[in-house]
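Working notes for the structure below.
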C-alpha cells in the first residue's frame, strides 16, 4: 500500500466517521422532535376535549337560560294581562262612581 493510498483511506475513514456521527445526531434530533410532537399532540387533544366539554356545558346553560326567559315572558305576559284587566275594571269603577256623583 502506497502512502497516497494510506492517506486516502485515512481520509475516507474520517469521512465515514463524520457521516456516522452526523447520522446519529440526526437520528437523535428526529427522536426528540417525535417526542415533542407526541407531547404537543397530547396537549392539543386534551385542550380540544376540554373545549368540547366547556361548549357542551355552555350549550346546556344557554338552553336553561332560554327556558327561564320563555317562562319569565309567559309569567310577565300573564301578569300584564291581569294588570290590564284590573286597570280596566278600576277605570270602569271610577267612571261608574263619577256617573253616580255627577
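Numbering (full-length UniProt numbering), first residue to last: 1 to 102. Glycine residues also receive a C-beta, built at the ideal position from the N, C-alpha and C atoms. This structure is a prediction, so every number in the text was calculated from the model and none was measured.
Assigned secondary structure, residue i (DSSP; H/G/I helix, E/B strand, else coil)
i, result
"residue 81", "helix"
"residue 70", "helix"
"residue 102", "coil"
"residue 64", "helix"
"residue 2", "coil"
Short CB-CB distance (under 9 angstroms) between residue i and chain D
i, result
"residue 43", "Included in the structure is just one protein chain, with no chain D present."
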